[in-house]
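Chemist: In full-length UniProt numbering, the protein residues as written are 1 to 833.
For every residue, glycine included, the Cβ atom is placed at its ideal position computed from N, Cα and C.
Quick look at the structure:
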């Protein structure tokens with residue numbers, strides 16, 4: 001069973017660079033005699049923010065993703081699901097199964113206003129839920145009762161057993177020796193279907209066909225029954241056709257074949273001996289062919305012969321076409337190149353052992369339920385056991401010891417630890433690991449804080465293409481694209497592989513683009529070994545520029561792309577620093593927290609702590625799916641600054657599902673429409689008192705229902721207008737008249753006006769024209785279609801205003817010096833096109 005199956009796991013998110021801890025397992029089917037391969041199963045454990053962008057970055061095709069399994073329900077583990085649903089819809093994926101703890105179905109249902117698609121159809125399995133949903137939902141629902149344990153998945157390739165844990169549960173069952181022993185695979189009973197007996201006439205005709213084909217066309221022998229059934233009742237016609245095509249038998253005629261059973265049996269025996277001789281000669285031919293052209297296939301000869309029984313001529317032809325014109329040296333080069341895919345690339349690599357940190361400050365009350373998973377992968381004559389374990393804090397260790405253990409037969413070969421590395425400081429945890437590990441068990445540990453702090457943060461980058469693009473932009477305009485220390489550390493080219501060793505167990509730290517083969521089926525695959533992809537940074541020569549005085553306000557573009565994020569442009573988000581240590585977010589697309597980290601590095605916590613306002617333009621996912629992660633990370637900073645979230649009602653209804661402290665403590669919510677009401681509005685008054693804003697108005701614009709633009713007047717009278725997504729809108733022009741800066745979407749180039757009208761967006765020319773009508777002093781264009789990943793659309797304008805194209809990570813000080821820097825960069829950009 002499954003003799004041509006390989007099983008591997010890839011690290012998706014590492015817990016830093018704005019990602020969550022996540023892995024994806026691949027079950028790949030390989031060709032019998034070729035190196036062809038196809039993914040038959042692909043399922044992910046946890047789906048943090050930026051998942052669809054990460055998969056694109058790492059070359060993982062989301063179209064073949066079958067299921068997502070959640071170890072917990074929080075922004076670190078689940079907020080990438082809406083974007084993944086949208087990406088799968090684009091791929092045409094038919095279904096997506098989501099398995100998780102209590103609340104998973106409610107979370108999926110809450111995304112209906114912005115992530116509901118006809119495909120994929122969503123199926124939710126809640127572990128240990130005990131109530132059925134009371135709301136109508138586009139997500140089908142199934143529940144495993146809290147007192148029962150059942151497989152979440154059981155198919156030809158894998159069994160997945162979920163185990164639920166509760167922080168304050170009342171269940172106190174005795175420790176189990178082994179969960180897989182308690183839940184053996186259910187074997188389907190074999191049904192012996194009796195072969196129908198043939199009449200004497202049909203039996204004689206079958207014998208005649210056997211004799212004829214043995215002599216004239218041996219490749220047809222396996223299909224005798226099919227041919228006989230097709231010509232049932234027309235046996236004489238079939239005989240005539242066969243004689244015309246192949247000629248009559250020399251030694252046997254029709255009467256001979258039917259004259260006596262003994263004659264037929266004698267001839268059949270003779271033909272069988274001839275067939276055995278032919279089989280033997282073909283086996284010898286195949287052996288000689290593989291010895292000459294591809295010796296690696298010699299151990300698989302039996303499988304090849306079995307697969308092509310009765311079609312030996314066809315196999316010969318295929319092999320001669322594939323290998324006949326290629327030398328043995330060329331075949332060997334093919335195999336060796338696959339073996340060396342992740343091996344030495346000329347870049348020096350070394351192992352570094354780090355020590356787990358001791359700062360154990362988990363938010364224990366935020367997580368009430370978690371789920372562990374036992375995976376049993378099926379392959380030839382054996383299976384591979386994998387565990388996925390995630391502990392929010394050390395208080396869960398006793399529950400882990402009680403619920404998850406193994407016998408000698410079911411020791412895991414691979415354990416994914418999604419807990420913080422600080423867990424290794426607890427002797428109870430390391431004791432549990434020792435008790436459930438064998439000499440062949442490998443451990444993968446996740447800890448983003450170690451990656452962020454090691455080697456000045458250079459190991460923390462997950463989005464290689466975006467970081468490389470940032471380096472290139474910095475070399476052209478250092479003031480507009482400043483670098484954090486982590487970027488400067490990329491000048492070091494050596495590869496560092498981080499490990500931890502505690503009590504004789506070696507743990508490998510999850511790093512970007514890491515993979516591991518659990519079970520191999522091809523000679524070029526290297527099982528039981530971590531593979532690291534060399535990132536090969538191109539660090540441009542950068543001339544040091546003298547420091548320039550910083551002025552406020554300042555705008556940082558965190559995302560400048562439209563719709564789904566791409567490698568170089570994230571979803572819409574802008575950070576406005578309106579005074580010293582005080583800022584607000586204008587839109588908050590998926591991945592916004594990671595973008596903040598790339599701009600500010602160690603100062604990110606300070607920026608979040610001093611955040612006073614988040615304003616969101618409309619319900620589309622690319623403008624608000626990063627909100628939950630921002631709220632979660634802000635809560636970790638213990639901010640004392642009141643935060644006001646201003647958003648359309650659909651977004652507020654989505655966020656209302658989360659009632660944990662990170663979403664409610666010192667956070668206030670109000671709709672755009674309500675905030676516009678001047679009288680008796682304490683939230684509006686408090687915000688103006690805290691920030692010094694003179695005005696903040698949400699203006700209805702021409703996009704989807706409930707879409708707004710923003711007109712903001714700072715304490716110094718500086719007027720900033722943001723369009724959100726819209727067609728050219730006179731209402732925005734009227735309210736934004738004489739703006740100091742207009743930030744306007746420019747999704748399409750001017751030649752694509754029809755597309756802009758159809759999708760209710762603006763072209764470059766239309767956006768500039770709005771700025772001219774508004775008499776804006778500066779026009780900054782953003783929200784470009786992802787068809788323009790590195791260079792924005794063509795700019796053809798005679799506008800007198802300053803016009804600039806935004807890029808991810810661009811810092812623009814709203815001052816004469818800042819706009820001078822922008823104009824120099826735009827001049828350089830026009831020369832590059």
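1) Applying the criterion that 16 or more other CB atoms from any shown protein chain within 10 Å of the CB defines a buried residue, is residue 272 buried or exposed?
2) On the criterion of 16 or more Cβ atoms from any shown chain inside 10 Å, does residue 682 qualify as buried, or is it exposed?
3) Could you tell me which residues DSSP pairs with residue 443 in its beta bridges?
4) Count the other CB atoms within 10 Å of the CB of residue 588; is the residue buried (16 or more) or exposed (fewer)?
5) Identify whether residue 476 lies in helix, strand or coil by the three-state DSSP scheme.
6) Roughly how many whole angstroms lie between the Cα atoms of residue 805 and residue 781?
7) Give the straight-line distance between the Cα atoms of residue 7 and residue 633, rounded to the nearest whole angstrom.
8) Smallest Cα separation from residue 719: which of 617, 161, 708, 735?
9) Between residue 750 and residue 763, which are expected to be in contact by the criterion C-beta below 8 Å, what is the C-beta distance as a whole number of angstroms?
10) Could you check the C-alpha separation between residue 13 and residue 137 for me, to the nearest Å?
11) Flag this pair as touching only if the segment 738-750 and the segment 708-722 have three or more C-beta atom pairs under 8 Å; answer yes or no.
12) Tell me which same chain residues have a C-beta within less than 8 Å of the C-beta of residue 456, skipping the five on either side of it?
13) Along the chain, which unbroken stretches of the beta strand (DSSP E) at least 3 residues long are found entirely within the segment 506-582?
14) Would you mind working out which of 608, 654, 293 sits nearest residue 639, comparing C-alpha positions?
15) So, do the segment 66-73 and the segment 83-101 have three or more beta carbon pairs nearer to each other than 8 Å?
16) Which value, in whole angstroms, describes the spacing of the CA atoms of residue 335 and residue 64?
17) With burial defined as no fewer than 16 other Cβ atoms inside 10 Å of the residue's Cβ, what is the status of residue 168: buried or exposed?
18) Please report how far the alpha carbon of residue 801 lies from the alpha carbon of residue 824, in whole angstroms.
19) In terms of residue numbering, what span does the alpha helix (DSSP H) encompassing residue 753 cover?
20) Out of curiosity, what's the CA-to-CA distance linking residue 39 and residue 204?
21) Under 6 Å Cβ to Cβ from residue 516, same chain only, skipping five residues before and after it: list those, please.
22) Can you give the Cα-Cα distance for residue 504 and residue 631, rounded to whole angstroms?
23) Measure from the alpha carbon of residue 502 to the alpha carbon of each residue in 208, 431, 539, then state which is nearest.
24) Do you know offhand how far residue 278's Cα is from residue 157's?
25) Quick check: residue 842 and residue 626, are their CB atoms within less than 8 Å of each other?
26) Measuring alpha carbon to alpha carbon, tell me which residue in 408, 550, 20 is nearest residue 81.
27) What span of residues does the beta strand (DSSP E) with residue 352 cover, start to end?
28) Excluding sequence positions up to five away, which residues of its chain have a Cβ less than 6 Å from the Cβ of residue 159?
29) Could you tell me the boundaries of the beta strand (DSSP E) in which residue 231 lies?
30) May I ask you to list the residues that DSSP assigns as paired with residue 239?
31) State the Cα-Cα distance for the pair residue 206 and residue 228, rounded to the nearest angstrom.
32) If you run the structure through DSSP and keep just helix, strand and coil, what is residue 375?
33) Would you give the residue range spanned by the alpha helix (DSSP H) that residue 87 belongs to?
34) Can at least three beta-carbon pairs, one atom from the segment 403-411 and one from the segment 75-92, be found at a separation below 8 Å?
35) Would residue 568 and residue 464 qualify as a contact pair, given that the criterion is a beta-carbon distance under 8 Å?
36) How is the alpha helix (DSSP H) around residue 429 delimited, first residue to last?
Modeler: On the basis of the data shown:
1) Summary for residue 272: the model assigns pLDDT 44, below 50, so the residue's position carries little reliability, and this model does not support an answer.
2) exposed
3) 415, 507
4) buried
5) helix
6) 5 Å
7) 35 Å
8) Distance from the Cα of residue 719 is smallest, within the candidate group 617, 161, 708, 735, for 735.
9) 5 Å
10) 30 Å
11) yes
12) When the five nearest sequence neighbours on each side are left out, the beta carbons in the same chain lying within less than 8 Å of the beta carbon of residue 456 are those of 485, 486, 488, 489, in order along the chain.
13) With a minimum length of 3 residues, the unbroken runs of beta strand (DSSP E) contained wholly in the segment 506-582 fall at 514-519, 530-532, 554-559, 573-579.
14) 608
15) Touching, yes.
16) Note that residue 335 scores 45 on pLDDT, short of 50, meaning its location in the model is unreliable; the coordinates nonetheless yield the value given after this. The alpha-carbon separation between residue 335 and residue 64 amounts to approximately 26 Å.
17) exposed
18) Taking the Cα positions, residue 801 is about 15 Å away from residue 824.
19) Start and end: 753-759.
20) 47 Å
21) 9, 530
22) 40 Å
23) 431
24) Unreliable positioning characterises residue 278 in this predicted model, as indicated by a pLDDT of 47, which lies under 50. A coordinate reading is not provided.
25) The question about residue 842 has no answer, for the chain in this structure spans 1 to 833.
26) If we check each option's Cα against that of residue 81, 20 comes out closest.
27) If you look at residue 352, you'll find it in the beta strand (DSSP E) that goes 349-353.
28) 151, 376
29) That residue, residue 231, is in no beta strand (DSSP E); it is neither H nor E in DSSP.
30) Residue 239 is not bridged to any residue.
31) 7 Å
32) Secondary structure at residue 375: strand, using DSSP grouped into helix, strand and coil.
33) 81-91
34) no
35) no
36) The continuous alpha helix (DSSP H) containing residue 429 extends over residues 427-435.
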